[in-house]
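Student: Dropping the structure in here first, questions after.
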Amino acid sequence: MIKEVLVMFFAYLLGSIPFALLVVKLVKGVDIREYGSGNVGATNAFRVLGLGLGILVALLDIGKGFIAVSVARYFFADQPLLLLVAGLLSIAGHNWPIFLKFKGGKGVATSVGVLISLSPKTILVAFLVWLTVVLITQYVSLASIIAAIVIPILMYVFDQETIFIILAVLIAVFVIYRHQSNIKRLLAGTENKVSLNKRVNE
12 MIKEVLVMFF AYLLGSIPFA LLVVKLVKGV DIREYGSGNV GATNAFRVLG
62 LGLGILVALL DIGKGFIAVS VARYFFADQP LLLLVAGLLS IAGHNWPIFL
112 KFKGGKGVAT SVGVLISLSP KTILVAFLVW LTVVLITQYV SLASIIAAIV
162 IPILMYVFDQ ETIFIILAVL IAVFVIYRHQ SNIKRLLAGT ENKVSLNKRV
212 NE
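Here the sequence shown is numbered in the numbering used here, starting from 12 and rising by one per residue.
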């Protein structure tokens with residue numbers, strides 16, 4: 012029981028590391044929460060840092076989810092429920108990080124890391140959907156919501172384990188819940204579009 016608790020605690024703490032905040036602070040010397048959307052996540056890091064370092068932040072956030080599930084799998088390979096819990100806790104850590112008074116990002120990149128660990132081909136197809144929506148609309152939030160909805164369907168089509176499909180549904184709920192303000196702005200026509208060429212001036 013102690014091992015299970017420690018691994019789950021590790022998953023949450025790992026998810027709580029605010030890489031967007033840390034990288035922007037290190038590179039620009041500013042607080043990412045004061046720029047762009049104010050969100051502590053990869054999309055806002057793209058706005059502040061530009062494409063190259065924005066990708067770095069995205070990869071770091073993806074890594075949180077991937078590592079959390081991979082560590083859980085190492086110890087509990089025959090217990091898929093614990094993989095589900097570890098994945099959800101890493102996402103919860105990103106969304107509600109203990110290091111930032113429980114005010115974090117929206118969990119999209121970390122969710123991607125969790126799902127890559129469980130079903131890489133699902134994420135590949137979902138990424139193509141996400142990219143297509145971004146290129147057409149320039150709305151990352153819309154693309155993330157659509158991709159989150161598509162993923163459980165893809166996992167069902169690819170005949171993944173039922174418990175992992177349930178995880179994908181829970182992740183979709185997480186993503187939609189965290190994008191409530193974006194949904195309101197999308198409906199009002201005031202949502203921020205992403206431009207990979209813009210960044211905060213020093």
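Where a beta carbon is used, it is the ideal one built from N, C-alpha and C, also for glycine.
Between the stretch 46-56 and the stretch 138-145, do three or more beta carbon pairs fall short of 8 Å?
Tutor: Contact fails: fewer than three Cβ-Cβ distances are below 8 Å.
Student: When the cut-off is 8 Å and only beta carbons count, does L146 lie next to chain B?
Tutor: No chain B appears in this structure, which consists of one protein chain only.
Student: Count the CB pairs spanning the stretch 75-88 and the stretch 16-25 that are closer than 8 Å, and state whether there are at least three.
Tutor: Yes, the stretch 75-88 touches the stretch 16-25.
Student: Restricting to Cα atoms, I'd like to know which of S48, V59 and F21 is closest to K36.
Tutor: Taking only the C-alpha atoms, the option nearest K36 is V59.
Student: Can you tell me the Cβ-Cβ gap for A83 and L93, rounded? I've got them flagged as a contact below 8 Å.
Tutor: So it is a contact: roughly 6 Å between Cβ atoms.
Student: Spatial neighbours of F110 within its chain, please: C-beta separation below 8 Å, excluding the five flanking residues on both sides.
Tutor: Here the set comprises S27, I28 and P29.
Student: Starting from I73, trace the alpha helix (DSSP H) in both directions and tell me its first and last residue.
Tutor: Residues L62 to F86.
Student: What residues in its chain sit with their C-beta under 7 Å from that of N212, if we drop five residues either side in the sequence?
Tutor: Below a pLDDT of 50, predicted positions are generally treated as unreliable, and N212, at 47, falls in that range; the measurement from the model is reported next regardless. There are no such residues.
Student: Taking the beta carbon of I13 as the centre, do at least 16 other beta carbons fall within 10 Å, making it buried, or is it exposed?
Tutor: Exposed, because fewer than 16 other Cβ atoms sit within 10 Å of the Cβ of I13.
Student: Mind checking which residues open and close the alpha helix (DSSP H) that includes G98?
Tutor: From DSSP, the alpha helix (DSSP H) with G98 extends over P91 to N106.
Student: Taking I164 as the reference, give the member of L17, N193, A120 and S130 with the closest Cα.
Tutor: Closest option to I164, Cα to Cα, is S130.
Student: Got a sec? Which residues, its chain only, sit under 7 Å from R196 by beta carbon, not counting five neighbours each side?
Tutor: So the qualifying residues of the chain are E202.
Student: Counting only runs that start and end within the stretch 100-152, where is the alpha helix (DSSP H) found for 4 or more residues in a row?
Tutor: Runs of the alpha helix (DSSP H) inside the stretch 100-152: 119-129 and 131-148.
Student: Taking C-alpha atoms, which residue in Q149, A69 and F185 lies nearest to K204?
Tutor: When each option's Cα is compared against that of K204, the closest is Q149.
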